[in-house]
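Below: the structure, in structure tokens.
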Amino acid sequence: MANQTNTTGTVHHLRRMATVWVILSVIGDILFSIFVAPHVPPGRLTETAAKDQTDFNILFEMALPVLFGVWIYLAYALYVWGDKRNKNAAFSGEAARTNMKTQVWWMVITSVTVLFLAGFGTWALVVDHGSGGGQGPNPAFAPAGGLKAETAALLGKATWSPGSTNVLPVQVIGQQWKFTYRYPTFGGFESSQLILPANTTIAFNVTSLDVIHSFWAYELGVKADANPQVNDVAFTTTKNPGSFMVRCSELCGIWHGSMFNSGQVESQTAFENWATTTEAANAANTALLPAFAWTYVPDANGADGGYYPTNDPYSTVETYGSKQPS
Amino acid sequence: MTISDERSSEVTGPVSGHPHETRKLSWTQRPGLLSQNLLTAIVLGVIGYLIGHWFGNYLSSGYDYISNSGQNSIANTLALAFGVVGWLGGIGALNYPFAKLFGVDGLEEESPVDNWTKYFRYSLDHKVVGLQYVVGVLLFMFTGGLLAMAIRTELLNPTTHYFSPDTYIKIVSEHGTIMMMMATSIIVGPLGNYFVPLMIGSRRMAFPRIEALSFWIFTAGYMVIFSALPYGGFPTGWTGYAPLQTQSGPGMVSYLLGFAVIGTGMILAGFNQAVTIINYRAPGMTWSRVPVFVWSILATAALLTLATPVLFAGGLFGLLDKTVQTAFYVNEHGGNAYLWQNLFWFFGHPEVYIMALPGFGIAGELLPVFCRRPLFAYKISSAGMIGVALLSFFVWQHHLFQSGINPDMRPLFMLTTELISIPTGFIYLVGMGTLYRAKIRFELPMLFVLALFFNFLIGGVTGVFLSDVPVNVTVHGGFFVLSHFHYTIMGGLLFAFMAGLYFWLPKMTGRMMNKKIGKVHFWLMFVFFNLTFFPMFIIGLLGQPRRVFTYATNLQGLNDFSSISAYILGFSFLVFFYNLVYSLWLKPEIAPANPWESLGLEWQTATPIPSYNFERIPVIMTEPYRYSEEGAPTYADFGTKDAPDSSTPTKA
Chain A
1 MANQTNTTGT VHHLRRMATV WVILSVIGDI LFSIFVAPHV PPGRLTETAA
51 KDQTDFNILF EMALPVLFGV WIYLAYALYV WGDKRNKNAA FSGEAARTNM
101 KTQVWWMVIT SVTVLFLAGF GTWALVVDHG SGGGQGPNPA FAPAGGLKAE
151 TAALLGKATW SPGSTNVLPV QVIGQQWKFT YRYPTFGGFE SSQLILPANT
201 TIAFNVTSLD VIHSFWAYEL GVKADANPQV NDVAFTTTKN PGSFMVRCSE
251 LCGIWHGSMF NSGQVESQTA FENWATTTEA ANAANTALLP AFAWTYVPDA
301 NGADGGYYPT NDPYSTVETY GSKQPS
Chain B
1 MTISDERSSE VTGPVSGHPH ETRKLSWTQR PGLLSQNLLT AIVLGVIGYL
51 IGHWFGNYLS SGYDYISNSG QNSIANTLAL AFGVVGWLGG IGALNYPFAK
101 LFGVDGLEEE SPVDNWTKYF RYSLDHKVVG LQYVVGVLLF MFTGGLLAMA
151 IRTELLNPTT HYFSPDTYIK IVSEHGTIMM MMATSIIVGP LGNYFVPLMI
201 GSRRMAFPRI EALSFWIFTA GYMVIFSALP YGGFPTGWTG YAPLQTQSGP
251 GMVSYLLGFA VIGTGMILAG FNQAVTIINY RAPGMTWSRV PVFVWSILAT
301 AALLTLATPV LFAGGLFGLL DKTVQTAFYV NEHGGNAYLW QNLFWFFGHP
351 EVYIMALPGF GIAGELLPVF CRRPLFAYKI SSAGMIGVAL LSFFVWQHHL
401 FQSGINPDMR PLFMLTTELI SIPTGFIYLV GMGTLYRAKI RFELPMLFVL
451 ALFFNFLIGG VTGVFLSDVP VNVTVHGGFF VLSHFHYTIM GGLLFAFMAG
501 LYFWLPKMTG RMMNKKIGKV HFWLMFVFFN LTFFPMFIIG LLGQPRRVFT
551 YATNLQGLND FSSISAYILG FSFLVFFYNL VYSLWLKPEI APANPWESLG
601 LEWQTATPIP SYNFERIPVI MTEPYRYSEE GAPTYADFGT KDAPDSSTPT
651 KA
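The listed protein sequences correspond, in order, to chains A and B.
Residue numbers for the first sequence follow our numbering, so the first one is 1 and each next one is one higher.
Residue numbers for the second sequence follow our numbering, so the first one is 1 and each next one is one higher.
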């Protein structure tokens, strides 16, 4: 069997491999989707995370047949065409050197796969409002009301209450080596705890005071680099209450490894209670903080707020001290 | 056009010596400068370092000190720069340019002594430079590997620490930088320099002095990068992101200057390879008859020459920021930290393919030899390598998907990144097509090539996950990425390098590598490479960021598994070194002239290869790799009756 060298034998080789390949791929994909897919990170705590998980699973179910295809081919080839079993194989010159049909099919299949993946990724990115990734100061894939909430936050006019459909802006300030969270909707108080309301679209505004950090809210499916002098916006929509981890995922110096804390998604009323209580408790401190702004420049006098006059991250940041722009 | 004249006379005219015949001069006849060697390089390097340090302090004393270090960054920079110049002067790299500058003619810088000392000198013989590179990259790799062992040791336990966080991050940074810079040269340097001229039927490289210079710059760059450790290291990882870069101490100077120095060597090596391949091919070697390894080196050379200058510029900007207080990367002063990220990755992504393409080349070169059949779809394989090289310039922002710039460009960079898998897929088509109905010989080099196809597949497929922006949110900056690029670079390039070494060392040294020890090495390396890095995909998905000294306690099991596998992986390299010592010195076994029955031109030369390579320049008669083809013409005509028979070997 292994020494078949006529043309019918050639067909059989591929047919055998294809049979094993189809069977294993189907089994593999089914097993994956039943046993692994529901547990794939980042979980389903938010809409974003759920969609990221689905994307990962679709990619994996496409990747598995590719892996199996090559592995089965390699295993089959090495087993059947080792020189000891296959002493008498002869090659008919030109035919062994190339095969136009194979080449064309290979290119067509890989191109279609790749174009499908790129199209699918783009679709997922757009419908998922940037998929939880940092989009810079001028987000291209903002959800409805997202940009409005951003402007309102800067002007001190952002509002949110249980049951409202408003987007909740939350500022994330990275510094060596901790994250601080600021809530412009509630008087701009600062907290080292990240508490979020359930069933709400959140606009994270990520910035840094010193070097580049990356705000990685693992279970939320959010990751945005914290650049000094830059406002990096990422959107996500929370679902049910639950806890999540926050880590720094961009090397930021010696204690990068221990720059993490945990956060909580709570029910809307619980969140409002916490936020209003904390706002009141911190009123004295908040009065000393610089006004809410997209970026902060630490200097000898504390921290000045900064913003981009034209929303262009490459433009010069303007600082406005304690006075907010109108 | 002197090149073509020379070549045609070499083919048709009588043989009368060759351009580089060594002159027998006695010690006293030699001009003093000609006895330069490694020792003089070290001495002048140290003197240069001291002068530079003094000069820097003289220039800027009391003016610019790195905060909290008591060190003057200008003095540090000039010390290292002058040290590099001293090193190059000491080895003799500057003799010829200076001789020309001052109108002195006829100065030969090549050592006339043809003994072992030539390996410690500035040699114009591409085979000597090739062997120097072998030792150089192995040393480089060994250093980086030791640091990797230290990293895995620290990650054995999330709470008990073997190093301080400070030391740990410096080890990580040094490991990454050393390995990346080593990997740019690991195949182009040793095997490219040694075998490209042989494979294209040339007597030399186009620019032998530049070739030697690129090696000695490479070694200087290694020492400059390594000098970061005695300077206190740098905490930025190999990516060196500003403003952390601007913030960090004197070790950063070594990193930035080291990139500039090694970058210079890479640009020179790239130019030299490209010019050699384009202009020095033997008559009859049309583009469709060039061995695929040479194609891969040509594609790599294009990347080396076009991408590396960007790194060079980026490094110099960083140096200026650190020394004379410019603000290229300082947002607060009108600069932009994104500039570094863009410059770095505009180099950094082609760099990834600088490290992948030569591996593909070796795979394509070795497969036909061990499959005893022609390479399947030869043109597709070279098209694939050129396609990868071209596309690699258009993907760099996928490293910045979460950085906050250009959100509207993400679909484009996702598309270009995924498009790269089409030409990469060509390499798999070629590989799998060549295996089809072959007569596979499971020799050591073949095992490593097969392992490359296995590993690189995992590396490539996970690359598609990373290129998908929604999935990238979870996997960016974590152990998933780390595992992905170790699968492509270590699993691809390093396995290819090992395949190349086992394949070509018999030609380079005249000794066969021991097959039994080699098999132990292969299986240990292959199995424990996968056991080390595969768990890291899971570790990354479970939320462990890169470059951390501590992690969630529930990940300790996986991390320990990975660490212990890494130790055995490290041990497999000791087996390799033992094999080198065993096969070359302890129990040397003389290699047959053509142990693998290859049709390649490099195997048709005499062993040891004469310094002029070919008695007569061969004329290439047909396509390469026509194994087992009935009635195939011989690959090359050497024009001599007693030339080694390069016709199709009889059936194995």
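Backbone N, C-alpha and C define an ideal beta-carbon position, used for all residues, glycine too.
Identification of residues in the segment 196–224 of chain A having a C-beta nearer than 8 angstroms to some C-beta of chain B yields VAL206, ASP210, VAL211, ILE212, SER214, TRP216, TYR218, GLY221, VAL222, LYS223 and ALA224, given in sequence order.
When DSSP reads this structure, A:GLY134 sits in no beta bridge, so it has no partner. DSSP places A:TRP216 in the strand class (E or B) of the three-state scheme. For A:SER249, the neighbours in chain B by C-beta distance under 8 angstroms run, in chain order, HIS476, GLY477, GLY478, PRO545 and ARG546.
In this structure, A:GLY69 is the residue among A:SER33, A:GLU61, A:ARG44 and A:GLY69 with its C-alpha nearest to the C-alpha of A:THR19.
Put simply, the CB of B:PHE573 is far from chain A, with every gap to its CB atoms at 8 angstroms or more. Residues of chain B whose Cβ lies closer than 9 angstroms to the Cβ of A:PHE56 are, in chain order, PHE465, ASP468, PRO470, VAL471, THR474, VAL475 and LEU541. By the rule that beta-carbons nearer than 8 angstroms mark a contact, A:GLY174 does not touch chain B. Chain B places no beta carbon closer than 8 angstroms to that of A:ILE23, leaving this residue out of the contacts.
Between B:ASP321 and B:ALA313, the C-beta spacing is not below 8 angstroms. Using a CB distance cut-off of 8 angstroms, B:MET414 counts as an interface residue toward chain A. The criterion of a C-beta distance shorter than 8 angstroms is not satisfied by B:TYR329 and B:ILE405.
Of B:GLU629, B:MET621 and B:ARG626, the smallest CA-CA separation from B:ASP637 is found for B:MET621. In the DSSP assignment, A:TYR183 falls within the beta strand (DSSP E) that extends over 178–183. Taking C-alpha positions only, A:SER192 is separated from A:VAL206 by approximately 14 angstroms.
Per DSSP, the continuous beta strand (DSSP E) segment holding A:LYS223 begins and ends at 222–226.
With respect to B:SER248, B:PHE259 sits apart: the two C-beta atoms are not nearer than 8 angstroms. Residues of the segment 411–435 of chain B with a Cβ closer than 7 angstroms to any Cβ of chain A, in chain order: PRO411, MET414, LEU415, GLU418, LEU419, SER421, ILE422, GLY425, TYR428, LEU429, MET432, GLY433 and LEU435. A straight-line Cα-Cα distance of about 35 angstroms links B:TYR133 and A:CYS252. Listed in chain order, the non-local C-beta contacts of B:THR607 below 8 angstroms within the same chain comprise LYS507, GLY510, ALA591 and ALA593, local neighbours out to five positions each way being set aside.
Residue nearest to B:LEU391 within the set B:PHE344, B:GLY315, B:THR323 and B:ALA302 is B:ALA302 (criterion: CA-CA distance).
For B:ILE380, the residues of chain A that pass the 9 angstroms Cβ criterion are THR98, GLN103, TRP106 and MET107, in the order they occur in the chain. Think of a sphere of 9 angstroms around the beta carbon of A:MET245: the chain B residues whose beta carbon falls inside it are GLY543 and ALA552, in chain order. For the segment 251–267 of chain A, residues whose beta-carbon sits nearer than 7 angstroms to a beta-carbon of chain B comprise LEU251, CYS252, GLY253, ILE254, TRP255, HIS256, GLY257 and SER258. Look at B:ARG289 here: in three-state DSSP terms it is helix. Leaving aside the five residues that flank B:LEU357 on each side, the residues in its chain whose CB is nearer than 6 angstroms to its CB run, in chain order, SER296, ALA299, THR300 and MET385. Secondary structure remark: continuous alpha helix (DSSP H) runs of at least 4 residues inside the segment 258–335 of chain B, in chain order: 292–323. Interface residue (Cβ-Cβ distance to chain A less than 8 angstroms): B:GLY364 is not classified as such. The residue among B:PHE534, B:TYR502, B:ILE539 and B:ASN72 with its C-alpha nearest the C-alpha of B:PHE522 is B:TYR502. The Cβ of A:ASP52 sits closer than 8 angstroms to at least one Cβ of chain B. Assignment of A:ASN99 by DSSP, reduced to helix, strand and coil, places it in the coil class.
One finds nothing in chain A with a Cβ atom closer than 7 angstroms to the Cβ of B:GLU211; even the nearest lies about 34 angstroms away. Counting along the chain, A:ARG247 sits inside the beta strand (DSSP E) bounded by residues 242–248. Per DSSP, the continuous alpha helix (DSSP H) segment holding A:ALA284 begins and ends at 283–286. Within the segment 268–280 of chain B, not one residue has a Cβ closer than 9 angstroms to any Cβ of chain A. Note: B:ALA377 is not bridge-paired with any residue in the DSSP secondary-structure output.
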